[in-house]
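Take 80 as the starting number for the sequence shown in my numbering and just add one per residue.
Backbone N, C-alpha and C define an ideal beta-carbon position, used for all residues, glycine too.
Data block below; observations after.
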Amino acid sequence: MTQPFALDDGCNIHYQGFPMTWLQHTINQLDQAGVQCRFSTSGHQLSGWIMPDGMGVFHQSGITLEVQPDTIVTAHTEGLRRARQGAANHHFGRHVLSYTQLRAGDWRADGDKWVKECRADLAGLTGHLSIHVTFKSGAAELMRFYTEFESEKHARAHGINRVSKGRVGGSLAEGEVVRTLTGRLTTSFPKIGIDTERKAGNTIKRVDQWLIQNALDEATDRGDEFNALRFKEALSKPQQADKDSAEDYLFGQQPVVIPSLLRELVPDTRTELIAKPVVTSYVGGSRLSAICNDTADTP
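This is how it looks when you write it as structure tokens:
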């Protein structure tokens, strides 16, 4: 069933394409979008909903009110997760204005400490951004917030020994970042879940998307329009040949391009286009599945 509401990248609510707040939603819509639970804010005990953007909403005496995510205290697991995610995202959006997130990652929680890693731009430099948050126990109140940024240019020159280079057929742990063939940092390896058949299937889909998206980012970074178009087209439903090709493009050895016999007949303005390497797709073994299986056993 298609949801009538949606959140944009700035955590703003849209209903059927129009911006609005949760106060403009009906009770049925709040039930559909939120998780119903008990929570407190500023010492007041309430029963209401915590919404996808972390906002708390409650309805009393015919009036609907909102509370900010960072004021919420609750024992409800999903409600607390939403409130914390909303509090961290809102804090970043309000106070960290130097960065432009090119592609945001997912928050990884370790108790009260959360980390999100993403690709971002700072003053014209593209690099790897880590956002670190520590929350008050049982609450969405931020106790500590800081960011770490390393440009890809600096990483190539100074960080070779700190982050390992990815390899074809290698296994990766959840949240791990590796270097591509050109030295560029990948985004964090996605969340792993194999408790049920459904979770395992979703894990495979996340890994597929991670692989193709990183290959697309790599091609864009290289200025390789041909392969960027191929990987962009493969994003929605990648085939095994697409995944093998993407893995080789990121971590394998690039094929040597044999000079064309007609090269002398081509104007100089096209020399760069001819000289660019092109990755040939092939149907190989199920190497991507091997990555998932190996990773699932990582403690």
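Sheet register partners of residue i (DSSP bridge)
{"i": "Ser230", "result": "Gly206"}
{"i": "His211", "result": "Val194, Tyr225"}
{"i": "Leu125", "result": "Phe118"}
{"i": "Ala218", "result": "Val152"}
{"i": "Asp189", "result": "Lys192"}
{"i": "Val113", "result": "Strictly speaking, residue 113 in this sequence is Gly, with Val absent from that position. According to DSSP, Gly113 bridges with nothing at all."}
{"i": "Val146", "result": "Gly135"}
Helix, strand or coil at residue i according to DSSP, with G and I counted as helix
{"i": "Glu351", "result": "Since pLDDT at Glu351 reaches only 39, below the 50 mark, its modelled position is unreliable, and no value is offered."}
{"i": "Gln180", "result": "strand"}
{"i": "Glu343", "result": "At Glu343, the pLDDT of 47 sits below 50, so the modelled position is not reliable and the matter cannot be decided from this model."}
{"i": "Thr299", "result": "helix"}
{"i": "Ala375", "result": "Only weak support is given to the placement of Ala375: the predicted model assigns it a pLDDT of 40, under 50, and the value that follows is read from those uncertain coordinates. Correct three-state label for Ala375: helix."}
{"i": "Leu201", "result": "strand"}
{"i": "Gly141", "result": "coil"}
{"i": "Pro338", "result": "Only weak support exists for where Pro338 lies, its pLDDT of 48 falling under 50; the value from the coordinates is given anyway. Of the three classes helix, strand and coil, the one that applies to Pro338 here is coil, per DSSP."}
{"i": "Ser324", "result": "helix"}
{"i": "Gly331", "result": "coil"}
{"i": "Gly133", "result": "coil"}
{"i": "Leu314", "result": "coil"}
{"i": "Val175", "result": "coil"}
{"i": "His104", "result": "coil"}
{"i": "His170", "result": "helix"}
Nearest neighbour of residue i, chosen from the options [CA to CA]
{"i": "Thr265", "options": "Tyr178, Arg285, Gly280, Glu231", "result": "Glu231"}
{"i": "Gly141", "options": "Thr105, Thr153, Thr120, Arg173", "result": "Thr105"}
{"i": "Glu229", "options": "Ile291, Arg246, Glu220, Gly203", "result": "Gly203"}
{"i": "Gly122", "options": "Glu227, His138, Ile151", "result": "Ile151"}
{"i": "His207", "options": "Asp189, Ala183, Ala219", "result": "Ala183"}
{"i": "Lys192", "options": "Ala218, Gln139, Leu176", "result": "Ala218"}
{"i": "Gly135", "options": "Asn107, Gln180, Gly165", "result": "Gly165"}
{"i": "Thr179", "options": "Trp186, Asp185, Phe171", "result": "Phe171"}
{"i": "Lys195", "options": "Thr205, Ser216, Lys215, Tyr225", "result": "Tyr225"}
{"i": "Ala162", "options": "Leu308, Trp186, Phe268", "result": "Trp186"}
{"i": "Glu253", "options": "Ser243, Pro269, Asp132", "result": "Pro269"}
{"i": "Glu227", "options": "Leu251, Lys316, Arg198, Arg173", "result": "Arg198"}
{"i": "Asp189", "options": "Val175, Ala294, Ser216", "result": "Ser216"}
{"i": "Ala298", "options": "His174, Thr143, Asp327, His138", "result": "Asp327"}
{"i": "Thr153", "options": "Gly133, Phe118, His174, Leu125", "result": "Phe118"}
{"i": "Ser177", "options": "Asp274, Ile273, Ser243, Asp200", "result": "Asp200"}
{"i": "Asn168", "options": "Val146, Leu125, Thr205, Leu221", "result": "Leu221"}
Heavy atom of the ligand MN within 8 Å of residue i beta-carbon
{"i": "Thr226", "result": "Looking at this structure, you won't find the ligand MN or any other ligand, since it has none at all."}
> So does the stretch 148-166 actually touch the stretch 110-122, counting three or more Cβ pairs closer than 8 Å?
Replying inline: As far as the Cβ criterion goes, the stretch 148-166 touches the stretch 110-122, which means the pair count is three or higher.
>> Threshold first: 4 residues or longer. Then list the alpha helix (DSSP H) segments lying entirely within the stretch 238-311, N to C.
In response: The stretch 238-311 contains these whole alpha helix (DSSP H) runs: 276-301.
>> Assess contact between the stretch 318-330 and the stretch 282-293, defined as three or more Cβ pairs (one per stretch) separated by less than 8 Å. Is contact present?
In response: Yes, since at least three Cβ pairs between the stretch 318-330 and the stretch 282-293 fall closer than 8 Å, the two stretches touch.
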